[in-house]
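Protein chains in written order, with the working numbering: chain A, 46 to 678; chain B, 46 to 678.
Each residue gets a CB set at the ideal place from its N, CA and C atoms; glycine is no exception.
Since the structure comes first, as structure tokens, the remarks are kept for the end.
2 protein chains.
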Amino acid sequence: MSFEVKSPVVPTAGAIGRLRPLPVTITPGGLFGEWQRRNAEATLPHCVEQLDAYGNLANLRRVTGDAGGEFRGFWFADTDVHKTLEAAFWSGTAQPFAEETAALLEKAQDPDGYLDSYYQDPANRPQQWNELHFSHEMYTAGHLIQAAVAAARSAPESVAAQQVVSVARRFADLLVQRYGASTEVDGHPEVETALAELYRVTGHRPYLDLAKRFVENRGHGVLGEGRFGPRYYQDHEPLRERTEVAGHVVREVYLLAGAVDVAVETGDRELLDTVLRLWDSALSSRTYITGGQGSRHRDEAYGDPYELPPDRAYAESCAAIGNFQLAWRLLLATGEARFADEMERVLHNGIAGSTAADGTSFFYSNPLQLRTGHDGSHEDAPSQRLTWYSCACCPPNLARLMASLHAYVATSDSSGIQIHLYGSSTVAAGSRSMTVDTRYPWDEQVTVTVESSDDAPWTLALRVPAWCSDVRLTINGAPAPARQQVRDGYLRLHRVWQPGDRVQLTLGMPARLVTAHPRVDAVRGAAALVRGPVVYCLEQADMPQGTVLEDVELDASSPLAVAFHHTGIAPVTLRVPVRIRSAEQPPLYRDLTTAPHGPAGPAATVTAIPYFLWANRQPGAMRVWIPLARQED
Amino acid sequence: MSFEVKSPVVPTAGAIGRLRPLPVTITPGGLFGEWQRRNAEATLPHCVEQLDAYGNLANLRRVTGDAGGEFRGFWFADTDVHKTLEAAFWSGTAQPFAEETAALLEKAQDPDGYLDSYYQDPANRPQQWNELHFSHEMYTAGHLIQAAVAAARSAPESVAAQQVVSVARRFADLLVQRYGASTEVDGHPEVETALAELYRVTGHRPYLDLAKRFVENRGHGVLGEGRFGPRYYQDHEPLRERTEVAGHVVREVYLLAGAVDVAVETGDRELLDTVLRLWDSALSSRTYITGGQGSRHRDEAYGDPYELPPDRAYAESCAAIGNFQLAWRLLLATGEARFADEMERVLHNGIAGSTAADGTSFFYSNPLQLRTGHDGSHEDAPSQRLTWYSCACCPPNLARLMASLHAYVATSDSSGIQIHLYGSSTVAAGSRSMTVDTRYPWDEQVTVTVESSDDAPWTLALRVPAWCSDVRLTINGAPAPARQQVRDGYLRLHRVWQPGDRVQLTLGMPARLVTAHPRVDAVRGAAALVRGPVVYCLEQADMPQGTVLEDVELDASSPLAVAFHHTGIAPVTLRVPVRIRSAEQPPLYRDLTTAPHGPAGPAATVTAIPYFLWANRQPGAMRVWIPLARQED
């Protein structure tokens, strides 16, 4: 086993699709490098510790007879182990954990390939395979397989990798044997994309066939009503017939990721079009400005169209990760910049905000508003990030995403190389290679230096985000036309490239005020502050003494300012002109004809910080959407 | 046993409090009469049928050996039987059901007084009394006791009543014996108010003492974390120390109702002040314009202050009922009109809207907005009322409230008689009696005719709602000053009254536009339509062909009109000037500096109907809060 691209999502040569992923290495100095460093040094070790503290590893040791006690945690607790293991392989760190865990999994596996410490408990064994609507057995298998894919692509020669791959294959073979002709599915999608990737690693076609079968099986009411109805697990309608995303968001985006994998590997353009249609339904009416999805805490679901409350946003971290991974698959399949735009948005906001500055505490849900007086006593909606959760799906998911962040940066096609996400990195495509150097998104400049090339002309395509209306360019120091060379969202530079050629792209990032579609009732009369791909927010800690955040209104008639400073909570903050409404309290309801709610209030300027850095100081109110002050008469 | 006042909440002569309830009979012709007629003829028989269809009665028959099969429904399914029984007693109808059920309860009761068909099942018996945090055993006992209170006050001589009273007393005696010196409480308050009422019926002081004990026990973390944390069942802080309503709304309002009962019967003004403080915290920032409470589906809870989304309003029917009953207790205790105002608001909106026009289907949650494209496939948030629910607490609760509606109309004190709620009725206070004749709230006029009186002067007090700024009066046909005689929310007419004296009160009801506190983000830039106590709404069925409700905006610069017509969905509708925004879809987010979302759109006039009558036609979008059209430049 040997793979040039040591990352998730590597379609086979036979797959349909416009772009191919490229090997990339994130280099120190920028935000991506900082995120990967923090992930390796803080988040991943923290996850390993928590697996011990919360009994996830002990659950597996009970199966091998090396531990006693009760099964602990949710019945799918093994997945936290598998995701952490995947992160360890992508990261190339936490080697003792990876080796011990690989051996443990091998030892815990049943002779027939089954591996799920909850159902291997004698008390639960009678229910093995008997309650697929909520058992998560295949979901668990899927995460095991994804760990194996990481092992195979990142460290194929290591003993640990070979152990994990063979454990995963045995489990996958069992699935093929048991469900290869079945009409059943698991209540939580995940195994579809995992099986398709395992096919990509092994070339073993039955894995892909089974992934396709699971995609097709769902939607025929095979899972029953359950607690939240069949939509919850996307079992209400066959996928190909659907027009709207629905149900539990993480289930949906994992399912759609698997459907894209199956579509491209089987050349199924109808299935791909289905996913594109559902993607559009999500992006047009069910996505937060942070890229988060999921408007409801109850059943962790998409809401109705335009139901996007900032305070009760669920916007689960895992959903943001799943969407990022789905967008990448759609980018590879179509080559369309909008998918990279969305990856950028969700990465810099919905995903980045999940992890604390120190890398060891996390949000599960990611609200866009926290009110003064918020009751943060329950882990469902805490006021600060927590170090772990009773259902701890998000932290190790963040770890595996950050450990594989290099996978999502660049691609190639017959025309040349495309850079989609901007972070300091090195990119290689055979004889062609380059370095990318940038402090993006704090700085507007991205410098690409060609390190090696061949003699043929090729196109270097640099994404110009849809939010950017001020794009500038120099090549080897000489100004060059920029906007004119942008086609379909990419600045496309076609030439014979020489080592040392230096492209400097400037993506102008003025602070902007953004408003939502008028059907989004929850943020009517309010605006969000955005600079480049980064959504900003107001936090109580930055308000003047004695001011309640809910009384601060945006003065849209005065200009916003961008402040650069390399100390404090963020390298770049915004200076926001506001009016502070009187804290004198009018009644909850009153006639519109009576005096309006006081004058606009005294003017002030307050600091807005990047949303993804909120809740790193004392607990307090926060809001992304700022009410617009009424203009004074 | 004999009681002049055949209704719930009759404080003893020794209780503190300003007002005493009066016996009232609702008479045909007005809205109250229609509601009581429909309740007796449709809702109550429907509930009885459903108790058979859903196995609630069979659960009890399993205990007596008269039925087989499995226990069906939630573990507190007995309460639906008890509440329906209570409704039957207040209504004086459904006599066969009442008699059979009384006998069944007597037969099913354990020798020691225990009665709960779930825990009497041999499979569950080991857990009897062992899981109070969610067992609902005392909650169930409470509803049994309330049925007994209804029996004792409404039909004390009947065999069925005597059976139910003695069953309830045996259970109450068991509670006293078991928990009279305990620090425990039930996870769901309800038994507190029931025990206090049973004390009022029987004069047996240990019932009151136990109610007081349960009020004091809660708030010391005795119930554990549970699924939603201790706030869920108000166990996070001792009641007397609390400043904010919290947790599951029905639990909170039932607890507070019991606390008022205990406070007035024990002369505990500190406890009464505690409830008043918590009431204020709910009314100032956590109550919908319909009087509904509960902003979250998840854990059926109050939200944070000012978190009042119309679309995801939970506003459970039972919470509205509990609040109505709590407000009545506070009105009796304080004599303050604000509590009667709130009773009027929640009755005509939050409660009335729960039941369909035909009386046989019901909302459990009562949203103030239903979006186009709403997924109403699950009973958690259906698009139309359902005939029953898997947790069917609301329908029989509505039945018992409507059957006892006469209880909440009028009071007396040493000064005379107070009329709080306006519906056609007869009111008696010893030698003084009167008839009230009105089509309120459709008509503005209320006519009170004195039927009998004594020779002493006394004060007839007629509530003037806080929303009313145009009050007029005639006495025996002669205009009299009105506004000048209003004190503390009541028009107070002091004189020697003669049989035949006729007071005609006119409460002007122009259509009004109401706005919310600026911290209520969810309805910023929108207004609600209100006439008298009735909140109106727009429903898709009344929109012009091809218009999507979400694109309709209110033209606040044009006057609203009131239309009276006695056909169609409502006797009084509003004619609303609107602008219809182009259905052309802008992107979900865009820069504020780009053109605003199109011009205000063409002008039209649409019909608004009373909120409480929505969802009586085909399913479709509805909204109470209408966006305000931007004024054209």
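request  = Check whether the Cβ of glutamine 414 of chain B lies closer than 9 Å to any Cβ atom in chain A.
outcome  = Position 369 of the second sequence, counted from the start, is the residue given in the question as residue 414 of chain B. By this cut-off, glutamine 414 of chain B is an interface position.
request  = Run down chain A in chain order and give the residues with a C-beta less than 8 Å from the C-beta of threonine 638 of chain B.
outcome  = Indexing the second sequence from 1 puts residue 638 of chain B at position 593. Against chain A, a Cβ distance below 8 Å from threonine 638 of chain B picks out Arg557 and Leu558.
ask   = According to the Cβ coordinates, are serine 469 of chain B and glycine 78 of chain B closer than 9 Å?
value = Counting from 1 along the second sequence, the entry for residue 469 of chain B is found at position 424. Counting from 1 along the second sequence, the entry for residue 78 of chain B is found at position 33. Contact annotation: serine 469 of chain B and glycine 78 of chain B have beta-carbon atoms nearer than 9 Å.
query = Taking Cβ positions only, does cysteine 334 of chain A come closer than 9 Å to chain B?
reply = Sequence index remark: in the first sequence, residue 334 of chain A carries index 289 (1-based). It should be noted that the sequence gives isoleucine, not cysteine, for residue 334 of chain A. Chain B contact via Cβ: present.
inquiry  = Less than 9 Å between CB atoms is the rule here; does leucine 220 of chain B satisfy it with respect to chain A?
reply    = Within the second sequence, residue 220 of chain B is the residue found at index 175, counting from 1. Not closer than 9 Å to any Cβ of chain A, the Cβ of leucine 220 of chain B fails to qualify, so no.
Where the region 624-636 of chain A meets chain B: residues whose CB sits under 8 Å from a CB there = Cβ contacts with chain B come from Arg626, Gln630, Pro631, Pro632, Leu633, Tyr634, Arg635 and Asp636.
query = Where does leucine 160 of chain A sit, in a helix, a strand or coil, going by DSSP?
reply = As a working mapping, residue 160 of chain A is identified with position 115 in the first sequence. Collapsing the DSSP output to three states places leucine 160 of chain A in coil.
task = Closer than 9 Å by beta-carbon distance: list the chain A residues that pair up with serine 422 of chain B, in chain order.
result = Indexing the second sequence from 1 puts residue 422 of chain B at position 377. Near serine 422 of chain B (Cβ distances below 9 Å), the residues of chain A are Gly274, Pro275, Arg276 and His281.
task = Count the other CB atoms, across all protein chains shown, that sit within 10 Å of the CB of serine 47 of chain B; report buried if there are 16 or more and exposed otherwise.
result = Along the second sequence, one-based indexing puts residue 47 of chain B at 2. Any reading at serine 47 of chain B must be qualified, since the residue scores a pLDDT of 29, below 50, and its modelled position is unreliable; no value is offered.
task = Could you name the residues that DSSP lists as bridge partners for glutamate 598 of chain A?
result = Taking the first residue of the first sequence as position 1, residue 598 of chain A is located at position 553. Glutamate 598 of chain A pairs with A:Arg624.
request  = Please work out which residues of its chain come closer than 6 Å, Cβ to Cβ, to leucine 658 of chain A, disregarding the five sequence neighbours upstream and downstream, and give them in chain order.
outcome  = As a first step, residue 658 of chain A is located in the first sequence; it is residue number 613 there, counting from the start. Here leucine 658 of chain A has Ile614 and Ala615 as same chain residues with Cβ atoms under 6 Å from its own Cβ, once five neighbours each way along the sequence are excluded.
task = Report the partner residues of glycine 461 of chain A according to the DSSP bridge assignment.
result = Counting from 1 along the first sequence, the entry for residue 461 of chain A is found at position 416. Under the DSSP definition of a beta bridge, glycine 461 of chain A partners with A:Asp458 and A:Thr504.
query = How is tryptophan 670 of chain A classed by DSSP in three states: helix, strand or coil?
reply = Taking the first residue of the first sequence as position 1, residue 670 of chain A is located at position 625. If DSSP states are grouped into helix, strand and coil, tryptophan 670 of chain A belongs with the strands.
CA-to-CA distance, alanine 571 of chain B to serine 199 of chain A, given in whole angstroms = As a working note, residue 199 of chain A is residue 154 in the first sequence. As a working note, residue 571 of chain B is residue 526 in the second sequence. Rounded to whole angstroms, serine 199 of chain A to alanine 571 of chain B spans 56 Å at the Cα level.
inquiry  = Going by DSSP in three states, methionine 479 of chain B sits in which element: helix, strand or coil?
reply    = As a working note, residue 479 of chain B is residue 434 in the second sequence. Strand, per DSSP.
ask   = In its own chain, which residues sit with a C-beta less than 6 Å from the C-beta of leucine 507 of chain A, not counting the 5 before and 5 after it?
value = Locating residue 507 of chain A in the first sequence gives position 462, counting from the first residue. Contacts found: Ile464, Leu536 and Leu550.
ask   = Residue ranges of each beta strand (DSSP E) run of no fewer than 3 residues wholly in the region 373-407 of chain B, ordered along the chain?
value = DSSP runs (the beta strand (DSSP E)) wholly in the region 373-407 of chain B: none.
ask   = My guess is that leucine 105 of chain A and alanine 153 of chain A are in contact by the Cβ rule of under 8 Å, so how many angstroms apart are they, rounded?
value = Position 60 of the first sequence holds residue 105 of chain A. Position 108 of the first sequence holds residue 153 of chain A. Indeed they touch by this definition, with Cβ atoms about 5 Å apart.
query = Of all the CB atoms in chain A, is at least one closer than 9 Å to the CB of alanine 256 of chain B?
reply = Mapped onto the second sequence, residue 256 of chain B falls at position 211. Output row for alanine 256 of chain B: interface = no.
task = Under 7 Å between beta-carbons, which chain A residues line up against arginine 564 of chain B? List them in chain order, please.
result = Translated into positions along the second sequence, residue 564 of chain B becomes position 519. Simply Glu595.
query = When the cut-off is 9 Å and only beta carbons count, does arginine 357 of chain B lie next to chain A?
reply = Stepping through the second sequence from its first residue, residue 357 of chain B is reached at position 312. For arginine 357 of chain B, the answer is yes, since a Cβ of chain A falls inside 9 Å of its Cβ.
inquiry  = Can you tell me whether alanine 473 of chain A is helix, strand or coil according to DSSP?
reply    = Numbered from its first residue, the first sequence carries residue 473 of chain A at position 428. Three-state result, alanine 473 of chain A: strand.
inquiry  = Rounding to the nearest angstrom, what Cα-Cα distance links tyrosine 252 of chain B and glutamate 261 of chain B in this structure?
reply    = Counted from its first residue, the second sequence places residue 252 of chain B at position 207. Counted from its first residue, the second sequence places residue 261 of chain B at position 216. For tyrosine 252 of chain B and glutamate 261 of chain B, the distance between alpha carbons rounds to 14 Å.
ask   = In chain order, what residues of the region 569-588 of chain A put their CB closer than 8 Å to some CB of chain B?
value = Answer in chain order: Arg569, Gly570, Ala571, Ala572 and Ala573.
key: Cβ of aspartate 166 of chain B within 9 Å of any chain A Cβ   = Reading the second sequence from its first residue, position 121 is the one you call residue 166 of chain B. Aspartate 166 of chain B has a beta carbon lying at 9 Å or more from every beta carbon in chain A.
request  = Check alanine 572 of chain B in the structure and name its three-state DSSP category.
outcome  = As a first step, residue 572 of chain B must be located in the second sequence, where it is residue number 527. Strand at alanine 572 of chain B.
query = For histidine 178 of chain B and chain A, any beta-carbon pair shorter than 9 Å?
reply = Position 133 of the second sequence, counted from the first residue, corresponds to residue 178 of chain B. Chain A, which has no Cβ nearer than 9 Å to the Cβ of histidine 178 of chain B, makes this no.
ask   = Given that alanine 561 of chain B touches chain A, what residues does it touch there, using C-beta distances under 8 Å?
value = Working through the second sequence from its first residue, we reach residue 561 of chain B at position 516. Against alanine 561 of chain B, the close residues of chain A are Leu633 and Tyr634, in the order they occur along the chain (beta-carbon pairs closer than 8 Å).
Environment of glutamine 191 of chain B [buried if 16+ CB atoms lie within 10 Å] = Counting from 1 along the second sequence, the entry for residue 191 of chain B is found at position 146. Here glutamine 191 of chain B is buried, its C-beta having at least 16 other C-beta atoms within 10 Å.
task = Could you check which residue in B:Gln172, B:His91 and B:Ala567 has the C-alpha nearest to that of tryptophan 120 of chain B?
result = One-based indexing of the second sequence puts residue 120 of chain B at position 75. The shortest Cα separation from tryptophan 120 of chain B among B:Gln172, B:His91 and B:Ala567 belongs to B:Gln172.
task = Return no unless some Cβ of chain B is closer than 9 Å to the Cβ of threonine 417 of chain A.
result = Translated into the one-based positions of the first sequence, residue 417 of chain A becomes position 372. So yes, threonine 417 of chain A belongs to the interface.
request  = Go to cysteine 582 of chain B, then tell me how far its beta strand (DSSP E) extends in each direction, as first and last residue.
outcome  = Looking up residue 582 of chain B in the second sequence gives position 537. Where cysteine 582 of chain B is concerned, the enclosing beta strand (DSSP E) starts and stops at 579-584.
key: Exposure label - aspartate 678 of chain A; buried when at least 16 CB within 10 Å   = As a first step, residue 678 of chain A must be located in the first sequence, where it is residue number 633. Residue confidence is low: aspartate 678 of chain A scores 40 on pLDDT, short of 50, so the model does not pin down where it sits. Its coordinate-derived value is still stated next. Within a 10 Å sphere around the beta-carbon of aspartate 678 of chain A sit fewer than 16 other beta-carbons, which makes this residue exposed.
ask   = chain B partners of serine 330 of chain A, CB-CB under 7 Å?
value = Numbered from its first residue, the first sequence carries residue 330 of chain A at position 285. Contact of serine 330 of chain A with chain B by beta-carbon distance below 7 Å involves Leu633.
ask   = Distance, Cα to Cα, alanine 561 of chain A vs methionine 667 of chain B?
value = Locating residue 561 of chain A in the first sequence gives position 516, counting from the first residue. Locating residue 667 of chain B in the second sequence gives position 622, counting from the first residue. The alpha-carbon atoms of alanine 561 of chain A and methionine 667 of chain B are separated by roughly 21 Å.
ask   = CB-CB under 8 Å to alanine 608 of chain B, same chain, minus the five flanking residues each way: which ones, in chain order?
value = As a position in the second sequence, residue 608 of chain B is number 563, starting the count at 1. So the qualifying residues of the chain are Val617, Thr618, Leu619, Arg620 and Thr652.
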